[in-house]
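Data block below; observations after.
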Amino acid sequence: MERHKVLIISEHESDHLLLSACLERARPARFDLVSVDSIERPLEALMDPEVDAVIMAHGPQSEYLLRLAQKNDASASLLLLLDKADDDVTARLREYGAQDYLVRGQLQDALVHRILDYNIQLKQTREQVRLLSNRDTLTGALNRVGFRAHLERAMDRSERYGFKTALLYINLDRFSNINDHYGEADGDLMIKSISRRLINKMRSTDSIARLGGDEFAVVLEDVSSPADVELIAGKMLKSIAAPMILSEQQVAVEASIGASIFPEDSRDFSELVDCARSAMQQAKTVGGGKFILYSDRISFDIGGPNSLAAELRNAVRKNQFELHYQPRVDLANGELVGVEALLRWNHPERGLVTPGEFLAACEDMGLMKTIGYQVIQHACGAQVWLHQQGISDVDVAVNISFSQIQDERFVSIVKDIVARSGADPRFLEFELTESIILKCPVAIKTRMDELRELGISFSLDDFGTGFSQLSHLTELPISALKIDACFVRDIPGNDHQEAVCTMIIEMAHRLGMTVVAEGAESHEQIAFLREHNCQQVQGFFYSPAVPLQKMPRFVEQLRQKRKDRLFS
């Protein structure tokens, strides 16, 4: 039988004797009695988590003690001990938080036991309801109501004891794609899994709340420096990005995290949250999967006329985006065999802006489909122009986003663009990453098969950087593998990178695929790749991405270098 601790507060010894004897006669035995004639430290006594009920003799201090308990949300049931029943008195005292009352002279065992049992059970039920009302039903984390109460208490403790509290605002990048393609049940499964991953990276003093569909907040109490906050956030980002299984498929998402610190950034609850959320939005604009600590320099305005969102919409309307093209060179003969179209934003004030600063925001705003079709149109036009300049048999590669290829109209629009531009689809190449394929492999394979019938080829970009599934190489119509620049950066000399490069090259050859190394910058890298039969490279060793009009000059320079080698 569960035992309950009962505190009796009365200056009359007779109250203690009568109640003590009454509670001791309870069968089964379930009450443990604690008696005091006065309370020197009332808040500690009333807030003691081990006390289940308090029987308090009515007197001059009753209202004060009840108000104190009510203000601090005491967990124990509060009962008054009166000389006689008085409706006016009991009504007033109940307003201050008293649950029930007992009357001296009417302390019959069964009545006292029943009143205590009822009020303790009622208080426990109310406490359970309160806890549930503060919790997210899916993850068990705090909800918005519980989060506010917890963060405010953490801010009070920080103020009282002189330490710093950090708030992390976490948003999953493009989570809506998961619900769209796997369904809400799998989306909920991912949310629960990510909640558990975040909890595993938290300290015992930290707490987590789910603020909405794919948004979380983590309160970090007693942090010594911004570096500590960044370290914890980094671990969380890495944990979130690890793949998980949904509907028997491997799926991965990233997150953006912003942080603010109390009291440096603000002493106000709403402002502190706004600072963390603003930093999170800033993290999204630099590519997602990032952490940013709030500072006064951050001025990301979601809806203002000068916001990134407003500028991007204006850029789409005014066609401020343009393509630069990075050459792809055949290592066997030194000839140009392809170019990769890379997007640039020709900002009227900032000049050329690289895609890492705006692509994630475009994806979140739903602009990528529009921009993506513009890119394909420009790339087709570039292929036609190169042919007119006498540069034939050169592939033009275009990076395809998930929002593009999932569009039901994608194939028909590409067909229309190719037909209108007069481009040869045999020299049009679409680059996909494994992270895109993992999101919806069945539907994407269907799209790829339809486009392959037109003559368009496909390459797998950033191969080896994620959790590669070799089945993609055999099931999908992929004709080229691209070795990510991170595996080329330190070769020769780095045994691990050398092993990865040679493995990918050998595998591509065995599968009958072309292999392309990205990020080649030095003569030593080129020599290593040529020695190990890598067929094509792109990188600064040959050329950065340049405007299309400079490509004929580049081709002429390649021809001149070949002549020089022949006659040297």
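Counting from 639, one number per residue, gives the positions in the sequence shown under this note's numbering.
For each residue, glycine too, the CB sits at the ideal point set by N, CA and C.
Quick caveat: nothing in here was measured; it's all calculated off a predicted structure.
According to DSSP, residue pairing for Thr-803 in a beta bridge involves Glu-859 and Phe-900. Going by beta carbons, His-642 and Asp-686 fall outside the 7 Å limit.
Proximity of the region 1090 to 1097 to the region 1075 to 1082 falls short of the contact definition, fewer than three beta-carbon pairs being nearer than 8 Å. Checking the DSSP bridge columns, you'll see Phe-1068 partnered with Val-1036 and Phe-1096.
One Cα belongs to Glu-790, the other to Asn-952, and the distance between them is close to 40 Å. Look at Gly-989 here: in three-state DSSP terms it is strand. Taking the C-beta atoms as reference points, Leu-717 is found no nearer than 7 Å to Cys-660. Annotation for Gln-1173: no alpha helix (DSSP H) segment contains it, and DSSP assigns it neither H nor E. The beta carbon of Ala-1061 lies closer than 6 Å to those of Cys-1018, Gln-1021 and Val-1022 in the same chain, with the five residues before and after it left out. Around Asn-971, the same chain offers Arg-1200 as residues with beta carbons nearer than 8 Å, after the five sequence neighbours per side are excluded. Three or more beta-carbon pairs drawn from the region 893 to 904 and the region 799 to 814 are found closer than 8 Å, and the two stretches are therefore classed as touching.
Contact between Ser-1041 and Met-1006 holds: CB atoms are separated by about 5 Å, below the 8 Å threshold. By the CB criterion at 7 Å, Ala-695 and Leu-657 fall outside the cutoff. One alpha carbon belongs to Phe-1192, the other to Glu-995, and they sit about 28 Å apart.
The DSSP-derived three-state label of Tyr-1180 is coil. Put simply, the backbone Cα of Val-644 is about 48 Å away from that of Leu-810. Taken through DSSP and simplified to helix, strand or coil, Gly-972 comes out as coil.
The beta-carbon distance between Leu-981 and Phe-959, rounded to whole angstroms, is 6 Å. This is short enough to meet the 8 Å contact definition. When beta bridges are read from the DSSP output, Tyr-963 appears opposite Ala-979 and Val-1184.
DSSP lists Leu-990 as the bridge partner or partners of Asn-984.
Between Ile-1043 and Ile-1009, the gap from beta carbon to beta carbon reaches 7 Å or more. Contact between the region 1120 to 1135 and the region 1151 to 1165 is present: three or more C-beta pairs spanning the two stretches fall below 8 Å.
In the structure shown, Gln-958 falls within a coil segment according to DSSP collapsed to helix, strand and coil. Boundaries for Arg-730: no beta strand (DSSP E) harbours it, while the alpha helix (DSSP H) harbouring it runs 725 to 733, taken from the DSSP string. Sequence-distant partners of Gln-1173 (beyond 5 residues in either direction) whose C-beta falls short of 6 Å from its own C-beta, in its chain, are Thr-1152 and Val-1153. With at least 16 other beta carbons inside 10 angstroms of its own, Asp-1033 counts as buried.
At the C-beta level, Ile-846 and Ala-779 come within 7 Å of one another. Judged by DSSP in its simplified three-state form, Met-840 adopts coil rather than helix or strand. Between the region 827 to 836 and the region 871 to 882, the count of Cβ pairs shorter than 8 Å is three or higher; the stretches touch.
Comparing alpha-carbon positions, the option among Leu-1098, Val-1049 and Ile-870 lying closest to Ala-1035 turns out to be Leu-1098. When the beta-carbon positions are compared, Phe-813 and Asp-774 stay at least 7 Å from each other. Proximity to Val-867 across Lys-839, Ala-998 and Ile-883 peaks at Lys-839, based on C-alpha coordinates.
In this structure, Gly-927 places its C-beta atom within 7 Å of the C-beta atom of Glu-892. When only Cα atoms are considered, Gln-1176 and Ala-855 end up about 42 Å apart.
Note: Gln-887 is bridge-paired with Leu-884 in the DSSP secondary-structure output. With 16 or more other Cβ atoms from the protein chains shown falling within 10 Å of its own Cβ, Ser-1039 counts as buried.
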